[in-house]
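Undergrad: There's a structure below that I have some questions on.
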Amino acid sequence: MSEPTVSLRHLLGLEGVSAQDIQVLLETGFSFREVLERPIKKVPTLTGISVVNLFFEGSTRTRISFELAEKRLSADVTNFSAGASSLSKGEGLKDTIQNIHAMKMDAVVMRHPVPGSTWQLSQFVDAVVINAGDGTHEHPTQGLLDMMSLQEKFGRLKGLKVGIIGDIAHSRVARSNIFGLITMGAEVTVCGPGHLIPPYIGELGVAVNGDIDEVLTWADAVNVLRIQRERMADGIIPSVREYRSRFGITNERLARHRKEVVILHPGPMNRGVEIDSDVADGDQAVILDQVLNGVAVRMSVLFHLLGPRESEGEPPLHPEEET
Amino acid sequence: MGTITALPREVLIKGGMLYDPITRESRKGDVAIKNGRLTEPGEIGADKAKVIDARGCIITHGFIDIHAHFREPGREDKETLATGSQAALAGGFTRVCVMPNTDPPIDGPEGVRFILERSEDLPVAIHPVGAVTKGQRGKELAELLEMKAAGAVAFSDDGEPVQDGQMLRRALYYTRDLGVPVINHAEDVRLRAGGVMNEGALSTRLGLPGNPALAEASMIYRDLLLAEDTGSRLHVPHVSTALSVDLVRHFKERGVTITAEASPHHLGLTDEAVRDFDTHAKVAPPLRSEGDRQAVAGGLRDGTLDCIATDHAPHTVEDKEQDLIQAPFGMIGLESAFGMAHTTLGQMGLSTEQVIDLLTSGPARVMGLELTPLEPGETAELVVLAPDEEWTFTREDIHSRSRNTPMLGMTFTGRVRATISRGSWFTCR
Numbered sequence: 001m002s003e004p005t006v007s008l009r010h011l012l013g014l015e016g017v018s019a020q021d022i023q024v025l026l027e028t029g030f031s032f033r034e035v036l037e038r039p040i041k042k043v044p045t046l047t048g049i050s051v052v053n054l055f056f057e058g059s060t061r062t063r064i065s066f067e068l069a070e071k072r073l074s075a076d077v078t079n080f081s082a083g084a085s086s087l088s089k090g091e092g093l094k095d096t097i098q099n100i101h102a103m104k105m106d107a108v109v110m111r112h113p114v115p116g117s118t119w120q121l122s123q124f125v126d127a128v129v130i131n132a133g134d135g136t137h138e139h140p141t142q143g144l145l146d147m148m149s150l151q152e153k154f155g156r157l158k159g160l161k162v163g164i165i166g167d168i169a170h171s172r173v174a175r176s177n178i179f180g181l182i183t184m185g186a187e188v189t190v191c192g193p194g195h196l197i198p199p200y201i202g203e204l205g206v207a208v209n210g211d212i213d214e215v216l217t218w219a220d221a222v223n224v225l226r227i228q229r230e231r232m233a234d235g236i237i238p239s240v241r242e243y244r245s246r247f248g249i250t251n252e253r254l255a256r257h258r259k260e261v262v263i264l265h266p267g268p269m270n271r272g273v274e275i276d277s278d279v280a281d282g283d284q285a286v287i288l289d290q291v292l293n294g295v296a297v298r299m300s301v302l303f304h305l306l307g308p309r310e311s312e313g314e315p316p317l318h319p320e321e322e323t
Numbered sequence: 001m002g003t004i005t006a007l008p009r010e011v012l013i014k015g016g017m018l019y020d021p022i023t024r025e026s027r028k029g030d031v032a033i034k035n036g037r038l039t040e041p042g043e044i045g046a047d048k049a050k051v052i053d054a055r056g057c058i059i060t061h062g063f064i065d066i067h068a069h070f071r072e073p074g075r076e077d078k079e080t081l082a083t084g085s086q087a088a089l090a091g092g093f094t095r096v097c098v099m100p101n102t103d104p105p106i107d108g109p110e111g112v113r114f115i116l117e118r119s120e121d122l123p124v125a126i127h128p129v130g131a132v133t134k135g136q137r138g139k140e141l142a143e144l145l146e147m148k149a150a151g152a153v154a155f156s157d158d159g160e161p162v163q164d165g166q167m168l169r170r171a172l173y174y175t176r177d178l179g180v181p182v183i184n185h186a187e188d189v190r191l192r193a194g195g196v197m198n199e200g201a202l203s204t205r206l207g208l209p210g211n212p213a214l215a216e217a218s219m220i221y222r223d224l225l226l227a228e229d230t231g232s233r234l235h236v237p238h239v240s241t242a243l244s245v246d247l248v249r250h251f252k253e254r255g256v257t258i259t260a261e262a263s264p265h266h267l268g269l270t271d272e273a274v275r276d277f278d279t280h281a282k283v284a285p286p287l288r289s290e291g292d293r294q295a296v297a298g299g300l301r302d303g304t305l306d307c308i309a310t311d312h313a314p315h316t317v318e319d320k321e322q323d324l325i326q327a328p329f330g331m332i333g334l335e336s337a338f339g340m341a342h343t344t345l346g347q348m349g350l351s352t353e354q355v356i357d358l359l360t361s362g363p364a365r366v367m368g369l370e371l372t373p374l375e376p377g378e379t380a381e382l383v384v385l386a387p388d389e390e391w392t393f394t395r396e397d398i399h400s401r402s403r404n405t406p407m408l409g410m411t412f413t414g415r416v417r418a419t420i421s422r423g424s425w426f427t428c429r
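In structure tokens form, the structure reads like this:
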């Protein structure tokens with residue numbers, strides 16, 4: 001029996017990705033979860049495949065998670081990290097693209113501050129492109145790992161009620177969650193300060209509710225977004241005190257709800273702002289499961305986009321088949 | 001595709017329909033040109049004359065573009081007065097008003113004279129627009145009276161909206177007796193808030209900063225109130241939203257002497273053109289929703305909007321191959337203007353003659369320019385149009401120094417077959 005395959009060439013976002021493809025990516029993710037529980041966690045699947053992690057924006061956990069996923073699959077990994085400063089020095093996207101092309105990489109994992117930059121990259125290189133976050137657009141592997149964590153906890157996504165809490169307007173995590181969850185048949189409500197909810201968000205198929213307590217009553221799970229400190233510096237969020245009292249996931253707030261709401265957070269957390277330490281470390285949180293699932297689902301993505309594809313009749317990417 | 005060469009001594013345009021936008025009358029008949037002037041067909045030797053077969057074509061007055069950026073002085077790598085004129089001629093235009101956001105900006109009489117002297121021998125007539133404020137900085141009034149005397153046909157800080165209402169009010173009072181319009185690029189830059197495309201469902205999907213319709217409409221509302229208050233001539237450029245069209249209509253009904261234009265790209269494209277993060281579709285004001293697009297076209301149909309103007313804005317390949325946040329706003333538009341406008345407005349029920357009015361008598365009225373009568377003895381300032389011809393817009397059709405347009409590959413109905421102006425002519429293929 002051959003492995004199920006996905007119809008994607010790149011993973012640029014979850015918008016437009018079919019439910020079947022998402023299902024396959026998640027299922028393979030669970031298979032890799034088992035690999036990660038073994039004493040020897042490495043498999044030879046991507047031997048001889050070269051992957052570059054290209055990070056134009058600060059990231060610790062996403063970059064490490066990708067690197068770990070690549071190494072667990074035995075790929076050759078190259079890392080390139082540059083702050084936004086190197087972009088402003090004039091290293092244009094086009095030069096980056098051409099360099100990648102010239103180096104004959106098999107895959108590029110890219111994080112970049114500009115929405116659409118990974119899409120542009122995919123238009124000009126032969127390599128498989130995986131979006132590790134493009135500005136405020138999408139962060140598809142985060143969306144997948146969040147769905148995997150929900151699937152793990154509830155055994156289903158269809159009909160699940162998920163709240164997304166915080167700065168929706170500036171969040172790629174919110175977008176990828178919305179696109180993926182809606183495709184999988186979940187119900188999504190976004191909640192946050194009114195001016196951080198995009199006015200047209202309803203057209204993406206989600207409900208909007210500004211009352212966090214109503215959302216907690218309704219939801220099976222909530223995904224709590226990180227509040228960027230610069231929103232406060234800009235005077236857009238008046239104070240930590242007000243944010244915490246109106247939108248923070250505090251122990252007192254959770255105690256008022258009988259239902260055990262599952263808490264997700266993409267990290268890194270501002271403990272004491274959008275989420276209390278006790279909540280983050282408590283039983284309802286699956287935040288560390290998310291981290292492990294992140295490695296597993298990224299292995300799944302790399303496997304499906306880079307692994308052998310006999311079913312499509314393409315020449316195998318490996319010079320010699322693994323057994 | 002086409003060539004620009006010296007106009008032959010004798011030209012006979014045979015078998016077409018002549019439409020005069022001054023009288024709004026059409027008649028069948030041949031058009032003869034001798035030494036650059038219209039003459040009776042009997043006056044030229046049919047064997048020596050260059051003959052254009054114009055069966056099925058309409059011959060009319062050359063188009064007037066009241067809103068173009070020719071980048072000279074300062075960014076001659078994007079466009080020059082000379083290359084811009086070639087693009088204009090290929091698009092059927094015989095007169096172009098050029099915006100002052102050059103480097104340095106045209107904000108004094110020396111700049112106005114520079115433009116006029118540099119364009120004396122060009123195939124199209126160039127009319128400079130002067131800046132409203134020194135350096136387009138919005139802080140101090142520029143020498144508007146001296147610029148008018150030197151030949152400026154209007155004033156605008158184009159690209160840089162005059163944010164300070166008091167400054168614009170003063171400029172309008174100051175120019176009240178000049179009879180030339182002040183043009184204010186209408187966008188509240190604070191409400192625009194870094195928007196690179198229309199704010200809507202698509203900008204939300206793409207995670208791109210959105211520029212809301214009200215950033216334009218609220219500024220237009222302020223500007224219209226100032227026009228009513230001062231009684232001066234205000235012209236609203238590139239109206240892009242349904243809200244804005246309603247505001248202009250409302251103030252015209254109140255009897256305020258305002259005029260307004262629409263750009264071909266706002267008639268034929270929507271924000272969907274940005275779907276694939278195409279920097280060529282990044283323009284200010286942005287491509288809007290389908291409802292806005294129809295409202296702008298409807299505004300041209302019912303006379304709320306007075307004319308079509310291209311907002312031809314050339315940028316280098318290097319500028320436009322940056323990412324969507326960094327790439328500059330603007331697209332070229334002269335060569336595609338008639339095809340795009342005629343196709344889109346034709347679908348809305350406008351006749352070819354109405355589209356011609358919006359490209360000739362409409363803009364002339366806004367700027368206070370006289371059209372050249374289509375009569376023997378007058379200078380030949382003509383365009384020959386094939387209204388039914390279907391054609392695909394390609395790179396070969398571009399005569400501009402730049403080629404930044406999202407319209408390549410689009411199919412239009414209606415094509416410029418030839419343009420005759422100031423001793424030169426453009427002929428298609």
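Protein chains in written order, with my numbering: chain A, 1 to 323; chain B, 1 to 429.
C-beta atoms are modelled at their ideal positions from N, C-alpha and C, and glycine is treated no differently.
Are the CB atoms of K48/B and V11/B within a distance shorter than 8 Å?
TA: Going by C-beta atoms, V11/B is not nearer than 8 Å to K48/B.
Undergrad: DSSP state of E120/B, grouped into three classes?
TA: Residue state, collapsed to three classes: coil.
Undergrad: From the beta carbon of F277/B, is the nearest beta carbon of chain A less than 8 Å away?
TA: Closer than 8 Å to some Cβ of chain A, the Cβ of F277/B qualifies, so yes.
Undergrad: Does the Cβ of E260/A have 16 or more other Cβ atoms within 10 Å, making it buried, or fewer, making it exposed?
TA: By the 10 Å Cβ count, E260/A comes out exposed.
Undergrad: What span of residues does the alpha helix (DSSP H) with Y200/A cover, start to end?
TA: Looking at the DSSP string, Y200/A is not in any alpha helix (DSSP H), and its letter there is neither H nor E.
Undergrad: Which residues in the same chain as L472/B place their Cβ atom closer than 6 Å to its Cβ, once the five residues preceding and following it in sequence are excluded?
TA: Residue 472/B lies beyond the range of chain B shown here (1 to 429); nothing can be said about it.
Undergrad: For D437/B, count the other beta carbons within 10 Å of its own beta carbon; 16 or more makes it buried, fewer makes it exposed. Which is it?
TA: The shown model of chain B, from 1 to 429, leaves out residue 437/B, and the question about it has no answer.
Undergrad: Among T405/B, W425/B, E375/B and V416/B, whose alpha-carbon lies nearest the alpha-carbon of P41/B?
TA: It is E375/B whose Cα lies nearest to the Cα of P41/B.
Undergrad: Does the pairing of the region 379-388 of chain B with the region 57-64 of chain B give three or more beta-carbon distances under 8 Å?
TA: Yes: the two stretches touch, three or more of their Cβ pairs being nearer than 8 Å.
Undergrad: Between A213/B and chain A, is the shortest Cβ-Cβ distance under 8 Å, so that the two count as touching?
TA: By this cut-off, A213/B is not an interface position.
Undergrad: Would you please verify whether the beta carbon of L408/B is less than 8 Å from any beta carbon of chain A?
TA: Answer no: the Cβ-Cβ gap between L408/B and chain A never drops below 8 Å.
Undergrad: Report the partner residues of F63/B according to the DSSP bridge assignment.
TA: Note: F63/B sits in a beta bridge opposite F93/B.
Undergrad: So, under 8 Å CB-CB, L11/A and N131/A are touching, yes? Tell me the CB distance rounded to an integer number of Å.
TA: The Cβ separation is near 6 Å, so the contact holds.
Undergrad: Excluding the 5 residues preceding and the 5 following E322/A in the sequence, name in chain order all residues of the same chain whose CB lies nearer than 6 Å to its CB.
TA: The predicted position of E322/A is uncertain, since its pLDDT is 39 and thus under 50; no value can be drawn from it.
Undergrad: Along the beta strand (DSSP E) that carries R415/B, what are the first and last residues, could you check?
TA: Note, R415/B: beta strand (DSSP E), T411 to S421.
Undergrad: Write down every uninterrupted run of the alpha helix (DSSP H) in the region 168-248 of chain A whose length is 4 residues or greater and which is fully enclosed by it, in chain order.
TA: Listed in chain order, they are 172-183, 212-218, 229-233 and 240-247.
Undergrad: If you count every other CB in all the chains shown that lies within 10 Å of the CB of N223/A, and 16 or more means buried, which is it?
TA: Counting Cβ neighbours within 10 Å, N223/A comes out buried, since at least 16 surround it.
Undergrad: Using a cut-off of 7 Å between C-beta atoms, extract the partners of I325/B located in chain A.
TA: In chain order: V114.
Undergrad: Would you tell me roughly how many angstroms separate the C-alpha atoms of P198/A and R403/B, rounded to the nearest one?
TA: So the alpha carbons of these two residues sit roughly 34 Å apart.
Undergrad: In chain C, which residues lie less than 7 Å from E321/B when you measure between Cβ atoms?
TA: Annotation note: the requested chain C is absent from the structure, which comprises protein chains A and B.
Undergrad: Give the residues of chain A in contact with A201/B, contact being defined as C-beta atoms less than 8 Å apart.
TA: In chain order: Y200, E203 and L204.
Undergrad: Please report the distance separating the alpha-carbon of G272/A from that of L144/B.
TA: Roughly 59 Å separates the two Cα atoms.
Undergrad: Bridge partners for I4/B per DSSP, in chain order?
TA: I4/B pairs with F426/B.
Undergrad: For R75/B, which residues of its own chain have a beta-carbon under 8 Å away from its beta-carbon, when the five flanking residues on both sides are left out?
TA: Cβ neighbours of R75/B beyond the five flanking positions: T102 and D103.
Undergrad: In the DSSP assignment, the beta strand (DSSP E) including H266/B goes from what residue to what residue?
TA: Unbroken run through H266/B is the alpha helix (DSSP H), P264 to G268; no beta strand (DSSP E).
Undergrad: Can the beta-carbon of A281/B be found closer than 8 Å to that of L269/B?
TA: It is a contact, given that the beta carbons lie within the stated cut-off.
Undergrad: Under DSSP, the beta strand (DSSP E) around F80/A begins and ends at which residues?
TA: Run containing F80/A: D76 to S81, per the beta strand (DSSP E) assignment.
Undergrad: Given a threshold of 16 other Cβ atoms within 10 Å of its Cβ, counted over all protein chains shown, does Q120/A qualify as buried or as exposed?
TA: Looking at its Cβ environment, which holds 16 or more other Cβ atoms inside 10 Å, Q120/A is buried.
Undergrad: At a Cβ cut of 9 Å, what residues of the region 130-143 of chain A count as close to chain B, listed as they run along the chain?
TA: Within the region 130-143 of chain A, the residues whose Cβ lies closer than 9 Å to some Cβ of chain B are D134, G135, T136, H137 and E138, listed in chain order.
Undergrad: I need the straight-line Cα distance from P4/A to I22/A, nearest angstrom please.
TA: Their Cα atoms are separated by approximately 12 Å.
Undergrad: By DSSP's criteria, A255/A is part of a beta bridge. Which residues make up the other side?
TA: Its beta-bridge partners do not exist; DSSP assigns none.
Undergrad: I'd like to know whether the C-beta atoms of L73/A and V295/A end up nearer to each other than 8 Å.
TA: Against a cut-off of 8 Å, the Cβ pair of V295/A and L73/A comes out as no contact.
Undergrad: Is there a Cβ of chain B sitting closer than 8 Å to that of Q98/A, yes or no?
TA: No, Q98/A lies away from the interface with chain B (no Cβ there is under 8 Å from its Cβ).
Undergrad: Assign E320/A to buried or exposed, taking buried as 16 or more other Cβ atoms, counted over all protein chains shown, within 10 Å of its Cβ.
TA: Summary for E320/A: the model assigns pLDDT 40, below 50, so the residue's position carries little reliability; its value from the coordinates is reported in the next sentence. Label assigned to E320/A: exposed.
Undergrad: Mapping DSSP to helix, strand and coil, what is L12/B?
TA: In this structure, L12/B counts as strand in the three-state DSSP scheme.
Undergrad: Going along the chain, which residues of its own chain have a beta-carbon closer than 7 Å to the beta-carbon of L306/A, five neighbours each way excluded?
TA: So the list reads L46, I49, D106, A107, V128 and L317, once near-sequence residues are dropped.
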